[in-house]
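Everything on this sheet refers to the single structure shown next.
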Amino acid sequence: MPTFAFTVVDEGTETVVEGSTTDHGAVFIPPAEIERALRWQLKPEGFCLNDVCYPVPPDVPVVSTNGVDLAALASLLDRPIAVDVAERAAFLGTAAARRAETLGTLEAPGFTLPDLEGKPHSLSDHRGKKVLLAAYASW
Amino acid sequence: MKDYGFTVITVAVEKDPEDARPWIELANPSHPSLIDTQHLLADLYNMVNVPEILWIDEQGRIARPNDVAFGDDTWRAVTGFESAKHANLLRAWVKGEASAFTPGEVRKLQRLPTREDQLARAEFGLGNWLYHQGRVEAARPHFIRAGQLAPHDFTIRRGTMPMQGLNSGGPEFFKMVQEWQAAGKSYYLPLPDTAPESVPRW
Numbered sequence: 001m002p003t004f005a006f007t008v009v010d011e012g013t014e015t016v017v018e019g020s021t022t023d024h025g026a027v028f029i030p031p032a033e034i035e036r037a038l039r040w041q042l043k044p045e046g047f048c049l050n051d052v053c054y055p056v057p058p059d060v061p062v063v064s065t066n067g068v069d070l071a072a073l074a075s076l077l078d079r080p081i082a083v084d085v086a087e088r089a090a091f092l093g094t095a096a097a098r099r100a101e102t103l104g105t106l107e108a109p110g111f112t113l114p115d116l117e118g119k120p121h122s123l124s125d126h127r128g129k130k131v132l133l134a135a136y137a138s139w
Numbered sequence: 001m002k003d004y005g006f007t008v009i010t011v012a013v014e015k016d017p018e019d020a021r022p023w024i025e026l027a028n029p030s031h032p033s034l035i036d037t038q039h040l041l042a043d044l045y046n047m048v049n050v051p052e053i054l055w056i057d058e059q060g061r062i063a064r065p066n067d068v069a070f071g072d073d074t075w076r077a078v079t080g081f082e083s084a085k086h087a088n089l090l091r092a093w094v095k096g097e098a099s100a101f102t103p104g105e106v107r108k109l110q111r112l113p114t115r116e117d118q119l120a121r122a123e124f125g126l127g128n129w130l131y132h133q134g135r136v137e138a139a140r141p142h143f144i145r146a147g148q149l150a151p152h153d154f155t156i157r158r159g160t161m162p163m164q165g166l167n168s169g170g171p172e173f174f175k176m177v178q179e180w181q182a183a184g185k186s187y188y189l190p191l192p193d194t195a196p197e198s199v200p201r202w
């Protein structure tokens, strides 16, 4: 199968990996490239990150001689994914369950964003104060 | 209200920081005035429109979940929102004259994202990445798909209009809101104590 450069954006981090595709539009990526982009490592026990392993059910075609089926892996890891084969890019988001769990703790999710001059500011800089967090837009 | 150990953090949700520059320079705020070109805050806090606000207490806990609040009454005739309602509640909380919601109440009032909402955000993320790569045409179907997956998410449906070559304050936008209201849905999702008595139909 011919391969091509494919960009995986994982929660904002971009990695260009070697990809290939089939007539069905699935995108395949070699396990070593998956590990480079997503940090999940293919081991005999499944896909592992630190101490956590997701076993690959035998009837779920995540790994084949073509490589790792990216969308099937995202599904295994319960990650939302958007794929554009023609544009050679995919974006992995955050699972609803993880967001719901975090929000349910009532701990305000931390973030760091730039101001107009590009200077980063973090929510945690304001710990000890009451904060009104207000999102707005020009549109 | 600075003397009470309080700060505002504003976050402009824009495709380009320059879109926010005139607004920020006009307001010239002393508080952090940040730019979010990736819809990070919408993803973290399940925000679905602007303006949207939250209160966070001294311990970094959510004291008031996502609510709608306008800074003034410029748009009152169109939106129905009276800015003083939220401003009075905020002032009382900051001064310690009134408590915010209890944790149980916050949880009850929170909207949590669904799988479709997060898939919509992934589609938006891919579209936004393509757009910022200069692949404007390729971005469009992802924005449209994202809006179909989360039709209540106007940070996607309205927020991507400028990236789709559409006027976000033009006929396409009004038609979108009219259809949404005709289906019995609310364009803004305020909490009960700040909700307008009546919402104008567009």
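Each protein sequence line maps, in turn, to chains R and U.
If you count the first sequence from 1, position 57 lands on 57 in the working numbering, and the numbers rise without skipping.
If you count the second sequence from 1, position 82 lands on 82 in the working numbering, and the numbers rise without skipping.
For glycine and all other residues, C-beta sits at the position ideal for the given N, C-alpha and C.
From a predicted model like this one, the values you see are computed outputs, not experimental measurements.
- Not flagged as an interface residue toward chain U: R/Thr13, since no C-beta distance is shorter than 8 Å.
- Taking a C-beta cut-off of 7 Å against chain U, the contacting residues of the region 3 to 28 of chain R are Val9 and Gly12, listed in chain order.
- For U/Trp180, the enclosing alpha helix (DSSP H) stretches over residues Pro171 to Ala182.
- Shown here, U/Val136 sits in a helix according to DSSP, grouped into three states.
- Near chain R, meaning a CB-to-CB distance below 7 Å, the residues of the region 5 to 34 of chain U are Gly5, Phe6, Thr7, Val8, Ile9, Thr10, Val11, Ala12, Val13, Glu14, Pro17, Asp19, Ala20, Arg21, Trp23, Ile24, Pro32, Ser33 and Leu34.
- Using a Cβ-Cβ cut-off of 8 Å, U/Thr114 counts as an interface residue toward chain R, since at least one Cβ of chain R sits closer than that to its own.
- Here U/Asn66 is buried, its C-beta having at least 16 other C-beta atoms within 10 Å.
- Beta-bridge partners of U/Leu112 (DSSP): none assigned.
- Sequence-ordered contacts of the region 72 to 84 of chain U with chain R are nonexistent [C-beta pairs closer than 9 Å].
- At the C-beta level, U/Val50 and R/Ala108 stay beyond 8 Å of one another.
- Residue pairing from DSSP places R/Tyr136 in a beta bridge opposite U/Ala12.
- The beta-bridge partner set that DSSP reports for R/Lys130 consists of U/Phe6.
- Think of a sphere of 7 Å around the beta carbon of U/Ala122: the chain R residues whose beta carbon falls inside it are Pro80, Ile81, Ala82, Phe91, Leu92 and Gly93, in chain order.
- Taking 8 Å as the cut-off, the beta carbon of U/Gly127 is found closer than this to the beta carbon of U/Ala139.
- Look at R/Ser138: its C-beta is under 8 Å from a C-beta on chain U.
- Contact of U/Leu44 with chain R is assigned, a C-beta pair being separated by under 8 Å.
- Of all residues in the region 93 to 109 of chain R, those with a C-beta nearer than 7 Å to a C-beta of chain U are Gly93, Thr94, Ala95, Ala96, Arg99, Ala100, Leu103, Gly104, Leu106, Glu107, Ala108 and Pro109, reading in chain order.
- CA-CA distance, U/Arg145 to R/Glu87, rounds to 16 Å.
- For a Cβ distance threshold of 7 Å, residue set Leu132, Leu133 and Ala134 of chain R lies close to U/Ile53, ordered along the chain.
- Taken through DSSP and simplified to helix, strand or coil, U/Arg61 comes out as strand.
- Cβ atoms of R/Glu11 and R/Thr94 come within 8 Å of each other, at about 6 Å.
- Taking 8 Å as the CB threshold, R/Arg39 stays off the interface with chain U.
- U/Phe174 and U/Leu130 have their C-alpha atoms some 27 Å from each other.
- Annotation note: the region 40 to 93 of chain R contains the following uninterrupted alpha helix (DSSP H) runs of length 4 or greater, listed N- to C-terminal: 70 to 76.
- In the three-state scheme derived from DSSP, where H, G and I count as helix and E and B as strand, R/Gly19 is classed as strand.
- Shown in chain order are the members of the region 94 to 105 of chain U whose Cβ falls below 8 Å from a Cβ of chain R: Val94 and Pro103.
- Contact between U/Gly96 and R/Lys129 is ruled out by a C-beta separation of about 13 Å, above the 8 Å threshold.
- Those residues of the region 127 to 148 of chain U placed with their C-beta closer than 7 Å to a C-beta in chain R are Trp129, Leu130, Arg135, Ala138 and His142, ordered along the chain.
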